[in-house]
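A.B. asks: Provided herewith is a single structure, encoded as structure tokens, for subsequent inquiry.
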Amino acid sequence: GPGPGPAKEERAGGAAGCIWPYLVRRPKLQLSVYTTTRSNIGAENNIDLILNVEDFDIESRFERTVNVSVPKKTRNNGTLYAYIFLHHAGILPWHDGKQVHIVSPLTTYMVPKPEEVNLITGESTTQQIEAEKKQTNALDEPVSHWRSRLTLNVMVEDFVFDGSSLPADVHRYMKMVQLGKTVHYLPILFIDQLSNRVKDLMIINRSTTELPLTVSYDKISLGKLRFWIHMQDAVFSLQQFGMFTFSQ
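Residues in the sequence shown are numbered consecutively from 1, following full-length UniProt numbering.
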């Protein structure tokens, strides 16, 4: 039978051992983004729907800014998570056996940047310079910051994988389903963490009840996906050694 490589609709019956792209069936998809203070969600309680793209076209890039309400728990230095679901249109994600999802914290801890210090203390710049001399130590405390950008990708190449030699990097992002006699992998959803910049971070005050989030989407090729996975792994391992920050 035909070996691995780009999928062809007409031969989607498929050779044994091949893993086919579910996207080759051209399902009608919906993108839903929720926020929650929980790191895992069971059902639809304690979550907020912040973005819903009902007729989601994986080929078309888009960018939308939404206002996200910040729960009290998050304002008190708690974490807020974004749950991004790609699922069949018209079915709630938790009722869809073929949904894929990915989780990302929308908050992070860091020491305030110098220009943010007066946001915390509410002092003007001249007062601030005076205060800074006295306060340097107090402001070395990390505080909760808001990640104002969320960058999403879906791998759109109709690539057929050889089940006996799946690349490990992509494998951990793949969710398989058995359909009839063939195994398919569901759409691969990826968050581009490297596009997060320190300049996009906003300090979360106790009085902040709403913050803007810009969700942008673009399709990605298999080659570029694998490249980004390796880049992110490298950056995160350097961060463990304190050798790299997102501002670089």
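For each residue, glycine too, the CB sits at the ideal point set by N, CA and C. Model, not experiment: these values are computed from the prediction.
Within 10 Å of its beta-carbon, does Ile91 have 16 or more other beta-carbons around it, so buried, or fewer, so exposed?
C.D. replies: Counting Cβ neighbours within 10 Å, Ile91 comes out exposed, since fewer than 16 surround it.
A.B. asks: Secondary structure at residue 250, three-state DSSP: helix, strand or coil?
C.D. replies: Residue coverage of the chain in this structure runs from 1 to 248, which leaves residue 250 outside it and unanswerable.
A.B. asks: Leaving aside the five residues before and after Gln193 along the sequence, list all residues of the same chain whose C-beta is less than 6 Å from its C-beta, in chain order.
C.D. replies: Cβ within range, chain order: Gln232.
A.B. asks: Suppose you measure from the CA of Val156 to the CA of Ile58; what does that come to, to the nearest Å?
C.D. replies: When rounded, the distance between both Cα atoms is 7 Å.
A.B. asks: Just how far apart, CA to CA, sit Thr107 and Cys18?
C.D. replies: Computed Cα separation, rounded: 40 Å.
A.B. asks: State the Cα-Cα distance for the pair Arg206 and Asn76, rounded to the nearest angstrom.
C.D. replies: Spanning the two alpha carbons is a distance of roughly 7 Å.
A.B. asks: Rounded to whole angstroms, what is the Cα-Cα separation between Trp228 and Glu141?
C.D. replies: Each residue's alpha carbon lies about 32 Å from the other.
A.B. asks: Could you tell me which residues DSSP pairs with Lys219 in its beta bridges?
C.D. replies: Its beta-bridge partners are Val154.
A.B. asks: Work out the CA separation of Pro187 and His145 for me, nearest whole Å.
C.D. replies: Approximately 31 Å, taken between the alpha carbons.
A.B. asks: Does the separation of the CB atoms of Tyr109 and Thr36 fall below 8 Å?
C.D. replies: Cβ distance not < 8 Å, so Tyr109 and Thr36 don't count as in contact.
A.B. asks: What span of residues does the alpha helix (DSSP H) with His171 cover, start to end?
C.D. replies: Where His171 is concerned, the enclosing alpha helix (DSSP H) stretches over 168-171.
A.B. asks: Given Asn52, which residues of its chain have a CB within under 6 Å of its CB, disregarding the five upstream and five downstream residues?
C.D. replies: Only Ser32 meet the Cβ criterion.
A.B. asks: Give the single residue among Phe236, Met202, Gly223, His184 whose Cα lies nearest to the Cα of Trp20.
C.D. replies: For Trp20, the nearest C-alpha among the options comes from His184.
A.B. asks: Would DSSP call Asn114 helix, strand or coil?
C.D. replies: Note on identity: in this sequence residue 114 is Pro, with Asn being the wrong assignment. Reduced to three states, the DSSP call for Pro114 is helix.
A.B. asks: If I'm right that Arg226 touches Asp162 with Cβ under 8 Å, what's the distance once you round it to whole angstroms?
C.D. replies: Not really, about 15 Å apart at Cβ, beyond 8 Å.
A.B. asks: So, helix, strand or coil for Gln99, using DSSP?
C.D. replies: Gln99: coil per DSSP, three-state reduction.
A.B. asks: Using alpha carbons as the reference points, say which of Leu23, Asp200, Val215 lies closest to Pro112.
C.D. replies: Of the listed residues, the one whose Cα sits closest to Pro112 is Asp200.
A.B. asks: Cutting at 6 Å between CB atoms, please list the residues of its own chain near Ile102, excluding the five before and the five after it.
C.D. replies: Correct list, in chain order: Ile84, Leu189, Ile191.
A.B. asks: Rounded to a whole number of angstroms, what is the C-alpha to C-alpha distance between Gln178 and Asp96?
C.D. replies: Taking the straight line from one Cα to the other gives about 15 Å.
A.B. asks: Just the Cα atoms here: how many angstroms apart are His230 and His87?
C.D. replies: Going from the Cα of His230 to the Cα of His87 covers about 27 Å.
A.B. asks: Three-state secondary structure (DSSP) at Val53?
C.D. replies: Note: Val53 maps to strand in three-state DSSP.
A.B. asks: What does the Cβ neighbour count give for Phe159, buried or exposed, with the cut at 16 atoms within 10 Å?
C.D. replies: By the neighbour-count rule (16 or more Cβ atoms within 10 Å), Phe159 is buried.
A.B. asks: Please classify Asn40 as buried or exposed, where buried requires at least 16 neighbouring CB atoms within 10 angstroms.
C.D. replies: Label assigned to Asn40: exposed.
A.B. asks: Distance, Cα to Cα, residue 253 vs Phe62?
C.D. replies: Only positions 1 to 248 of the chain appear in the structure, and residue 253 is not among them; the question remains open.
A.B. asks: Is Thr26 buried or exposed, if buried means 16 or more other CB atoms sit within 10 Å of its CB?
C.D. replies: It should be noted that the sequence gives Arg, not Thr, for residue 26. Label assigned to Arg26: exposed.
A.B. asks: Give the C-beta separation of Ser65 and Leu213 to the nearest angstrom, bearing in mind that I take them to be a contact with Cβ-Cβ under 8 Å.
C.D. replies: Correcting the residue identity first, residue 65 is Thr in this sequence and not Ser. The pair is a contact, with the Cβ atoms about 7 Å apart (cut-off 8 Å).
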